[in-house]
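Read in order, the letters of the sequence shown correspond to residues 1 to 331 in the UniProt record's numbering. Backbone N, C-alpha and C fix where the C-beta goes; we use that ideal spot for every residue, glycine too. Below: one structure, written as structure tokens.
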Amino acid sequence: MLSLQNQRQPKTTPLVDDYEISDTVLGLGINGKVVQCTHRRTKQNYALKVLLDNEKARREVDLHWRVSGCRHIVNIIDVYENTYSGRKCLLVVMECMEGGELFQRIQDKADGAFTEREAAQIMHEICVAVDYLHSRDIAHRDLKPENLLYTTSQPNAVLKLTDFGFAKETFTNDTLQTPCYTPYYVAPEVLGPQKYDKSCDIWSLGVVMYIIMCGFPPFYSNHGLAISPGMKKRIRTGQYDFPDPEWTNVSPAAKDLIKGMLNVDPSKRLCIQDVIRNKWIAQYNAVPQTPLCTGRMLKEAEETWPEVQEEMTRSLATMRVDYDQVGQPHG
Numbered sequence: 001m002l003s004l005q006n007q008r009q010p011k012t013t014p015l016v017d018d019y020e021i022s023d024t025v026l027g028l029g030i031n032g033k034v035v036q037c038t039h040r041r042t043k044q045n046y047a048l049k050v051l052l053d054n055e056k057a058r059r060e061v062d063l064h065w066r067v068s069g070c071r072h073i074v075n076i077i078d079v080y081e082n083t084y085s086g087r088k089c090l091l092v093v094m095e096c097m098e099g100g101e102l103f104q105r106i107q108d109k110a111d112g113a114f115t116e117r118e119a120a121q122i123m124h125e126i127c128v129a130v131d132y133l134h135s136r137d138i139a140h141r142d143l144k145p146e147n148l149l150y151t152t153s154q155p156n157a158v159l160k161l162t163d164f165g166f167a168k169e170t171f172t173n174d175t176l177q178t179p180c181y182t183p184y185y186v187a188p189e190v191l192g193p194q195k196y197d198k199s200c201d202i203w204s205l206g207v208v209m210y211i212i213m214c215g216f217p218p219f220y221s222n223h224g225l226a227i228s229p230g231m232k233k234r235i236r237t238g239q240y241d242f243p244d245p246e247w248t249n250v251s252p253a254a255k256d257l258i259k260g261m262l263n264v265d266p267s268k269r270l271c272i273q274d275v276i277r278n279k280w281i282a283q284y285n286a287v288p289q290t291p292l293c294t295g296r297m298l299k300e301a302e303e304t305w306p307e308v309q310e311e312m313t314r315s316l317a318t319m320r321v322d323y324d325q326v327g328q329p330h331g
């Protein structure tokens, strides 16, 4: 069994000695549900993730624990190695993200109240998290809106990245081998036989930024299928545009940054250092306060958004195929 490498070992005392577990489900992660728990002494609320104790779960906890010191990554408070419902589990206590998902927050704003400057600030916060990971040779590999949460509902809330179920350690000259992805945020090389690495996180950043700027994804599939043949082709060939009227007033700098992140050639795609040093990100306070259509577009697509999320979740199970299967030459 993989030991946790950061010297912080799980506690073997019963979690219920320290925390009271509630029936409130906060979310469903890739590898387990998240419920609310309360510290018995401080009465502080936390999120509790229950993982079956195996090598995969230990790797997830280890990688998340190593990076949870970053301001923009959800913090792990405690880890317990307990028997839960008769099975050996890892119980991960994390800070409770009471502010909800990134896109819900944008959607809740009044029409025209969300500006390009705010979008740049959000992207800066996400980039800080990705830079923290990549500088430690860790790729997240499931960077999508549902995994970007706010600490509170207050205006000064902090945006944080969560769910390390697909995270993987990467090393120089070593590329990631196990394709597991969510269709709207999948990099072209994951769909083909090439190997892929941290650059797939940059691709995901590009897709997330695109949606933040307009309220819909760049390679949209109209067929109700998570990945349609047409969408697959559009992703592979990098076919997307910046349609009017949603993109009319968006700055050329923002569009150029998206183009750099969505480059179909991973070797030409920006790295996280390029992105975080880009003037639009680094000097986000100087970005024009142009009103964006994002909130309105998300509201208009509100009924289909949960379906899109469900499609992504459903697809994850079928798409976690071995690299060998994805990499089979065709024809």
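Around the beta-carbon of K198, 16 or more other beta-carbon atoms lie within 10 Å, marking it buried. In this structure, the beta-carbon distance from A120 to W280 falls below 7 Å. In the three-state reduction of the DSSP assignment, Q121 falls in the helix class. When DSSP states are grouped into helix, strand and coil, V79 belongs to the strand group. With distances taken between CA atoms, E303 lies nearest to Q107 out of Q107, D78, H64. If you draw a 10 Å sphere on the C-beta of R71, you find fewer than 16 other C-beta atoms in it, and that means exposed. If you look at I21, you'll find it in the beta strand (DSSP E) that goes 19-28. Closest by C-alpha distance to N263, out of A254, D62, G206, is G206. Just so you know, the alpha carbons of L257 and V275 end up roughly 7 Å apart.
Uninterrupted alpha helix (DSSP H) stretches at least 4 residues long and entirely within the segment 56-109 occur at 102-107, given in chain order. DSSP, read as helix, strand or coil, puts Q44 in coil.
If the five residues before and after V50 are omitted, its C-beta is found closer than 7 Å to the C-beta atoms of G32, K33, Y84, C89, L91, all from its own chain and listed in chain order.
Under the three-state reduction of DSSP output, K33 falls in the strand class.
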